[in-house]
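Accompanying notes for the structure given below.
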Amino acid sequence: MSTSESRATGQSLPAAGNGAGTLLQLRQLSKSFGPVRALTKIDLDVPPGLVTALCGDNGAGKSVAIKTISGLWPADSGEMLWEGKPVRLHGPRDAEALGITTIYQDLALCDNLDIVQNMFLGHETRRRLVLDEEKMELAARETLRDLHVTTVRSIRQPVASLSGGQRQSVAVAKAVMSQAKLVIMDEPTAALGVAQTTMVLNLIKRLSSRGVAVLVISHNLNDVFEVADRIAVLYLGRMVASGPASEFDRATVVDYMTSGTSGRGAGNGGGSAPAEI
Amino acid sequence: MDDPLATAHPDPEREPGVAVVGVEEDAAPAAISDEALIAASPEVFASTLGEYFAAWGRRIRNGESGALPVLAGLVLIVIFFQLEEPKFLTALNLVNLLQYAAIFVMFAAAEIFALLLSEIDLSLGYIAGCGAFVIAELIAPPVGLPWWLGILGGLAVTSFMGFVQGTLITRLNLPSFVVTLGGSLGFLGAMLVIANADPSAVGGVMNIDPNSPVYKLVQDNMSTGLGWGVLAVAIAAFGATQLMRIRQRRAHGLTTPPLSVTVLTIALAAAGGIVLLLICSANRGLGVGSNVSGVPWVFPFTIVVLLALTFLLTRTRTGRYVYAIGANPEAARRSGINVAWVKTFGFVMVGLVGGLAGLVYESYNGSMATDINGGQFVLFAVGAAVIGGTSLFGGRGKPLHALLGGIVLGTVFNGLGLMGISAQGTDIATAIVLIAAVTLDSLVRRRAATQGR
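Order-wise, the sequence lines are chains A and S.
Following the numbering used here, the numbering of the first sequence begins with 25 at its first residue and continues without gaps.
Following the numbering used here, the numbering of the second sequence begins with 6 at its first residue and continues without gaps.
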């Protein structure tokens, strides 16, 4: 058994026998900036092994929501449950310690380092005090193979030489290497072409099939319906709908995103958020 | 929640490499783009010697050239000086040139730690000056410490200077340019205080006992026989580690550079060493019957220091973080790296290696004087590093660049001196070489930027 595989086994589904089977729960979370209410009492459930898409128009509060979850901005009120237990995050390090990794659009990769070096950045394997390059390269290769990232010819090529989709793959693989339980991806396909978008969406599916909870921020509904198991829609800081993706169709999501309500009678799965206005 | 969670659980026992349904589209390796071929170092993609040279050629045409243009430029400079001044390519002059160049090499090796972090240290020259005075006074009466303790004392002082500046820069978030500019002035003053503290430093000059290893480092030679022995051991060790690494990687099923490339590398290193030793073993004595030959101790000393720094930068975690921070400090921070600590460490290394530069400087002169031009040495340090191929913008560079750039600067100074060019002329010529090197660096960057990187 290689390192990465045992890691993958080790991180699978701690929440399975735990409470509601939900990795992360937000309860009545609110956040204001002065007089501006960015988030008003939002509820959100993020289960492991599934892809949750967080949708909303510009200014709906998507970014505030993920920055609160990833510990950058503390919430004003409300509760955040991790594996069933209430947690308070005082910074990104707290979130990281829990196993929350956020992949922002800039991907946070070092262009001058190669794929292996980027994947292990901050978590290098050492033998005595010296970097154990072979072990890291083997583990990186294993993880990339598990994620079916096969379009890079050598994992020793610098990240500078990779395409946008490949860079996204490296960022995801880095999250997997750091044993993330929840991976938040901010507009992962925003800057990508058609083929690369397909590649990244497949990667997201594979990531969730490893038992990782994935929270994808997107306003590209093609991508959302392609990849999401659950959909949550924010409108002006309120969670106006959430539930399994099968209960939505494109038109209702657009309704929720643009007006905060839908006359078509879908959504509201689990009743976790009333479609109020 | 009514989600079918149970069905989504992956099977932890799933064999790696077994396909998950619906993800086969991208399983075939795509063709590599030209950008990828250019950006990667040659051995990444090459599996034969021919491919290796093809990859190399492609990189050179795109400005990602490594050491080759510097070496080509050096050859041109050498040919020019030899045509102008036949004394240039004599054993005496070449050894003298390299002894002098060792000062630049050390200064550049120190500055590289600041440059890699995308910072700069302008105080390096007077850090070295302070260190050199501390060493000179510690080993001379009335203190009279053993030479090695004196050197350790000097290095402790210079490392501390680097630590203070690094702490100011990282904890108070000040620009390194300003902090070290102030440091440069402050350390000049400190150096004068240290020099005045010793009554034997008449007129600001401390002589160094010719029997001390501090004096002998540059001034004395390793006997030719010992030199050949050391070279043989060094080549054997270098070859063995290279081949061992390949064997280890093969054993793990990892890709390796073609064996011919490795053998060629070892052969080139051996040839370089042999040529240097042949030059050093010629009689450099000037008077009739005098016999001076052998390898100045400073040559192996410089190489050992550069190897140690290379090891630090490429094989340790801290070294890796230096590169990461230089390229993308935000990514480093988000990866959990303590950016402030690593940066402080970088400035400590500037101080430590700067102390070694001071040691080589005073050994070359056989004395230490307050007239050391610390401001100019900083410029030469940055210049040599950039000429060697280190980027001013962080994240790109290695100790080998200090060696190449230092030798180029040493050659220019030596050749112009032989030709009897005035000090003003030498300054202007050095400026031209420096600006040419920085131009090259920025052209490479622009080219890289237009390729979307």
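Each residue gets a CB set at the ideal place from its N, CA and C atoms; glycine is no exception.
Against chain A, does residue i count as a neighbour if the rule is that its beta carbon must be under 9 Å from one of theirs?
| i | result |
| --- | --- |
| S:GLU367 | no |
| S:LEU448 | no |
| S:GLU335 | yes |
| S:SER123 | no |
| S:SER181 | no |
| S:ILE342 | yes |
| S:LEU312 | no |
| S:HIS406 | no |
| S:TYR328 | yes |
| S:GLN247 | no |
| S:GLY258 | yes |
| S:GLN253 | yes |
Using only CA atoms, which one of the options lies nearest to residue i?
| i | options | result |
| --- | --- | --- |
| S:VAL238 | S:ALA275, S:VAL148, S:SER217 and S:MET249 | S:ALA275 |
| A:GLY108 | A:ILE66, A:SER54 and A:LEU47 | A:LEU47 |
| S:GLY399 | S:ASN343, S:GLU124, S:THR185 and S:PHE93 | S:GLU124 |
| S:THR444 | S:GLY393, S:PHE85 and S:THR185 | S:GLY393 |
| A:THR126 | S:ARG339, S:TYR369 and S:SER447 | S:ARG339 |
| A:GLU148 | S:LYS92, S:ALA161, S:THR321 and S:LEU197 | S:THR321 |
| S:ALA245 | S:GLY234, S:THR267 and S:GLY232 | S:THR267 |
| A:LEU145 | A:MET201, A:THR221 and A:ALA84 | A:MET201 |
| S:PHE316 | A:THR285, A:ILE139 and A:LEU153 | A:LEU153 |
| S:GLY410 | S:SER396, S:LEU423 and S:GLY422 | S:SER396 |
| S:SER164 | S:CYS135, S:LEU179, S:SER181 and S:LEU81 | S:CYS135 |
| S:PHE168 | S:ILE132, S:ALA145, S:ILE82 and S:ILE199 | S:ILE132 |
| S:ASP203 | S:ARG176, S:THR175, S:ALA241 and S:PHE138 | S:PHE138 |
| S:GLN247 | S:SER128, S:TRP233, S:ALA272 and S:LEU231 | S:ALA272 |
| S:ILE377 | S:ILE440, S:LEU364 and S:VAL387 | S:LEU364 |
| S:VAL355 | S:ALA161, S:VAL344, S:ALA200 and S:GLN253 | S:ALA161 |
| A:GLY85 | A:ILE66, A:GLY189, A:GLY102 and A:SER94 | A:ILE66 |
| A:ILE241 | A:ASN82, A:GLN52, A:ARG61 and A:TYR280 | A:ASN82 |
Taking buried to mean at least 16 other C-beta atoms within 10 Å of its own C-beta, is residue i buried or exposed?
| i | result |
| --- | --- |
| S:THR416 | buried |
| A:HIS172 | buried |
| A:PRO71 | buried |
| S:ASN419 | buried |
| S:ASP31 | Legend: pLDDT at S:ASP31 = 38, less than 50; position of this residue unreliable, no value from coordinates given. |
| S:PRO151 | exposed |
| A:LYS205 | buried |
| A:SER283 | exposed |
| A:ARG191 | buried |
| A:ASP130 | exposed |
| A:ALA132 | buried |
| S:PHE182 | exposed |
| S:GLU335 | exposed |
| S:PRO91 | exposed |
| S:VAL26 | Here the model assigns S:VAL26 a pLDDT of 34, short of 50, so the residue's position is not dependable, and the following value carries that caveat. By the 10 Å Cβ count, S:VAL26 comes out exposed. |
Kindly indicate if chain S contains any beta-carbon less than 9 Å away from that of residue i.
| i | result |
| --- | --- |
| A:ALA132 | yes |
| A:GLY146 | yes |
| A:GLU120 | yes |
| A:ASN136 | yes |
| A:VAL154 | yes |
| A:GLN141 | yes |
| A:THR150 | Here the sequence assigns Arg to residue 150 of chain A, which means Thr is not the residue at that position. Output row for A:ARG150: interface = yes. |
| A:PRO212 | no |
| A:GLU250 | no |
| A:LEU239 | no |
Near residue i, which residues of its chain fall below 7 Å by C-beta distance, leaving aside the five closest residues on each side in sequence?
| i | result |
| --- | --- |
| S:SER372 | VAL210, MET211, ASN212 and ILE213 |
| A:PRO116 | SER94, GLY95 and LEU96 |
| S:PRO34 | With a pLDDT of only 41 at S:PRO34, under 50, the local geometry of the prediction cannot be trusted, and the value read off the model is given with reservation. There are no such residues. |
Which residues in the same chain as residue i place their Cβ atom closer than 6 Å to its Cβ, once the five residues preceding and following it in sequence are excluded?
| i | result |
| --- | --- |
| A:ASP135 | VAL183 and ALA184 |
Excluding sequence positions up to five away, which residues of its chain have a Cβ less than 8 Å from the Cβ of residue i?
| i | result |
| --- | --- |
| S:VAL358 | MET111, ALA114, ALA115, PHE118, VAL310 and LEU314 |
| A:TRP97 | LYS55, VAL88 and LYS91 |
| A:TYR128 | ASP210 |
| S:ILE251 | THR261, PRO262, LEU264 and THR267 |
| S:THR2 | Coverage of chain S is limited to positions 6 through 458, which leaves residue 2 of chain S absent and any answer about it impossible. |
| S:LEU143 | LEU150, LEU154, GLY155, GLY158 and GLY159 |
Using a Cβ-Cβ distance under 9 Å, would residue i count as near chain B?
| i | result |
| --- | --- |
| A:GLN203 | Here chain B cannot be found, since the structure's protein chains are A and S. |
query = Can you list, in chain order, the stretches of the alpha helix (DSSP H) that have 4 or more residues and sit fully within the stretch 92–164 of chain A?
reply = 116–122 and 139–143
task = Enumerate, from N- to C-terminal direction, the unbroken beta strand (DSSP E) stretches of 3 or more residues contained entirely within the stretch 307–374 of chain S.
result = Entirely contained in the stretch 307–374 of chain S, the beta strand (DSSP E) runs reaching 3 residues are, in chain order, 372–374.
Segments of 4+ residues assigned as alpha helix (DSSP H) that fall wholly inside the stretch 251–288 of chain S = 264–286
query = What alpha helix (DSSP H) runs, 4 residues minimum, are completely inside the stretch 144–218 of chain S?
reply = 152–176 and 181–202
Completely contained alpha helix (DSSP H) runs for the stretch 111–150 of chain S, where each covers 4 or more residues = 129–144
inquiry  = To test your reading of the DSSP string, which unbroken alpha helix (DSSP H) runs of 4 or more residues are found completely within the stretch 75–116 of chain S?
reply    = none
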